[in-house]
Structures are given as C-alpha cells and as structure tokens.
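What follows is a single structure, written as structure tokens, with notes after it.
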Amino acid sequence: MFIPNLLSTESGSESIVRARIVIVEDEPDLRDAVAEYLGAAGYDVATAETAAAARSLIETQAFHLAILDIAMPGEDGLSLGRWLRSRMPIGIIYATAAGTALDRIVGLELGADDYIVKPYELREVLARVRSVLRRVPQPTELLDRKIRTDRRSVAFGPFQADLDGRLVTGANGTVIDMAKSEFDVLEVFLTRANRLLTRAAISEAIGFTEDPESSRAVDIRIMRLRKKIEADPANPKFLRTVRGEGYIFSLPTGDSN
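Read left to right, the sequence shown gives residues 10 to 266 (the working numbering).
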C-alpha cells in the first residue's frame, strides 16, 4: 500500500520533497489508520504487513523513517530494524505492546531512535515521527544516496555475515537470531580467521578486562554461538577449540568480501 503525499507540490523545475515513511505492522486496521494520519500530515507513506514484504519494498525504495511492530509473525521488527540500518541511514521507531519493557530496552540497545507503546494515540505517533525526523538526514540528502552495496561480508558454510550491518543469515536468507555479545565474538573470529586466539586476546578485542570471570564469559558466548552456526556443536566445523591454548575459526581462503 502506498499513500501519495498530497501536500507535495511541483512548480516549474522545483519540487518539495517530503519525508518518506514505511510502516510495518501486521494489524491491518492500525496500519491503515497510521498511514492515513501521517499521509494527511504531509508525509509520503508506504506500508507492509510483514518483514518479508517490507524487505521487498525497501530493495527498490529509500525511506527516511520506519515504524516497526516488534511482535510480528515470522521475522520480528527487531531483526528487520537491524537489516534496515545495514541498507540505508534511516530513523527507526519500534512499536511494542504495553508491559513488554524488555523489548523496548533491546530495541534502544539495537539503535532505535524511539519507541511507542500500544495502544497509542495517533497524535503521539506524529509527535514522535517529527522528533525523529529532525535527527535523520534531510529528505533531499537521503534520496540522492544509493543503497549501500559495498559492505564487508564473510561467507562460511551456508551462512553470510554482514559485518557492517551486524546481521547473519543462513540458508535461503533466514536471519539468525544473535545477541549483540554473540555477534561481537563472531566478528572477532571472522576478522581474524584461521588464527589461534587466546581467551585473553578475545576478551581484549571485545572490551573485557583480563580476569577469570572474563574468560568464563567468553566461553559462554562461544558455546551459544556454536549452537547457532554449527550443525553439531559438540564437534564444531568452524569454531574449534585448541586445548590449553584457545580457539581458532576455520575459514577457507577467499571466503571474505
């Protein structure tokens, strides 16, 4: 669904460029109400009912702001937000159900600009949209940019790690749910592949102090990471233990981009 901005005008060779907003929400009545309200306020608004539909839309269009429902069937709003940030400079507002404080905290840690709690007033949405748009690139600046394609990425087995977007996908583009701390460790290994890394070196790379507690924290993160990227975590193919010395991430030469 796309609602054209009726307040945009063109006079001669000059045109007024309005901010473009994408709303990703699986509740159709709410989605349409927010889109209509923001459209009437002077914004160009596009909508999507799922993260998959939003990805298809964003492959061909640039936006200044996204309003993302966190709890959607399939891929959730937090994962979609990470992917969006890897594609373009964009403001993000997460919508979360009342009482789910954890979602709000996680969203802000992942770089959200703001959040709104359902059920919400349309006037509140507009106020937050205006506030976020004051902090993102201006419409003319953003629409002149190309979607970034020169990102650092590393392929290993069926996985593709976007190091700049901090996103890991598996077979068929499935997003691998990964905590920030887990991705931090993975990035250390992928940027130092085929090298023996001690626990102390890993701790230093991710900003830990060198002490027994840090070593245990590294081991826990590696254990969790193996469960997500290894077919058999007990007999890892990629992230191997070198007994008494540390870890090594086996990556065939030429897999990095």
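Positions of the beta carbon are idealized from the N, C-alpha and C atoms, including for glycine.
Got a sec, what are the start and stop residues for the beta strand (DSSP E) residue i sits in?
{"i": "Leu343", "result": "The chain is shown only over 10 to 266; residue 343 falls outside these bounds and no answer can be derived."}
{"i": "Asp123", "result": "123-127"}
{"i": "Ala55", "result": "53-57"}
{"i": "Val177", "result": "176-178"}
{"i": "Gly253", "result": "No beta strand (DSSP E) holds Gly253; DSSP gives it neither H nor E."}
{"i": "Ser162", "result": "162-165"}
{"i": "Arg171", "result": "Residue identity differs from the one stated: residue 171 is Asp in this sequence, not Arg. 168-171 is the extent of the beta strand (DSSP E) around Asp171."}
Could you give the residue range of the alpha helix (DSSP H) that holds residue i?
{"i": "Phe192", "result": "189-199"}
{"i": "Ile102", "result": "From DSSP, Ile102 is part of no alpha helix (DSSP H) but of the beta strand (DSSP E) over 100-106."}
{"i": "Ser65", "result": "60-67"}
{"i": "Leu205", "result": "Looking at the DSSP string, Leu205 is not in any alpha helix (DSSP H), and its letter there is neither H nor E."}
{"i": "Ser88", "result": "86-96"}
Which residues in the same chain have their Cβ closer than 7 Å to the Cβ of residue i, if we skip the five residues on either side of it in sequence?
{"i": "Lys236", "result": "Pro242"}
{"i": "Asp78", "result": "Val33, Glu34, Asp35, Gly86, Ala104"}
{"i": "Leu234", "result": "Glu191, Val194, Leu195, Leu248"}
{"i": "Arg204", "result": "Ile257"}
{"i": "Arg91", "result": "Leu119, Gly174, Arg175, Leu176"}
{"i": "Ala63", "result": "Val31, Val33, Ala57, Leu89"}
Just tell me which of the options has its CA closest to the CA of residue i.
{"i": "Arg139", "options": "Glu254, Leu47, Arg64, Lys246", "result": "Leu47"}
{"i": "Ser259", "options": "Leu195, Arg233, Ser95, Ile215", "result": "Leu195"}
{"i": "Ala55", "options": "Ser65, Arg64, Ala44", "result": "Ala44"}
{"i": "Ser212", "options": "Ser190, Arg233, Asn203", "result": "Ser190"}
{"i": "Asp173", "options": "Arg64, Ala75, Ile30, Arg96", "result": "Arg96"}
{"i": "Ala49", "options": "Arg132, Gln70, Gly182", "result": "Arg132"}
{"i": "Val31", "options": "Leu89, Pro82, Glu84", "result": "Leu89"}
{"i": "Ala71", "options": "Leu93, Pro37, Gly255", "result": "Leu93"}
{"i": "Arg143", "options": "Ile99, Thr183, Ala202", "result": "Ile99"}
{"i": "Ala188", "options": "Arg201, Arg230, Val163, Gly182", "result": "Arg230"}
{"i": "Ile76", "options": "Pro261, Arg137, Met232", "result": "Arg137"}
{"i": "Pro128", "options": "Asp38, Arg225, Gly255", "result": "Asp38"}
{"i": "Arg225", "options": "Gly255, Thr200, Arg201", "result": "Gly255"}
{"i": "Thr183", "options": "Glu84, Asp171, Leu135, Ala164", "result": "Glu84"}
{"i": "Arg40", "options": "Leu199, Val134, Arg161", "result": "Val134"}
{"i": "Arg201", "options": "Ala80, Thr69, Pro261, Glu68", "result": "Pro261"}
Who are the near neighbours of residue i in its chain, counting only those whose CB is closer than 8 Å to its CB and skipping five residues on each side?
{"i": "Asp228", "result": "Arg208"}
{"i": "Phe168", "result": "Val177, Thr178, Gly179, Ile185, Ile238"}
{"i": "Val197", "result": "Leu206, Ile211, Ala214, Ile215"}
{"i": "Pro82", "result": "Asp35, Thr59"}
{"i": "Lys246", "result": "Gly166, Glu239, Ala240, Ser259"}
{"i": "Leu66", "result": "Val31, Ala55, Ala57"}
{"i": "Ala42", "result": "Leu131"}
{"i": "Leu199", "result": "Val163, Phe165, Ala170, Leu172, Phe258, Leu260, Ser265"}
Can you check DSSP and say which residues form a bridge with residue i?
{"i": "Leu77", "result": "Val33, Tyr103"}
{"i": "Phe247", "result": "Per DSSP, none; premise fails for Phe247."}
{"i": "Val43", "result": "None, per the DSSP bridge assignment."}
Kindly examine the ligand FMN and report whether one of its heavy atoms sits closer than 6 Å to the Cβ of residue i.
{"i": "Tyr103", "result": "Absence of the ligand FMN is noted for the structure shown, with no ligands found whatsoever."}
Between residue i and the rest of its own chain, which residues show a CB-CB distance below 6 Å, the 5 nearest in sequence each way excluded?
{"i": "Arg252", "result": "none"}
{"i": "Ala121", "result": "Ile101, Tyr103"}
{"i": "Asp123", "result": "Ile102, Arg137, Val141"}
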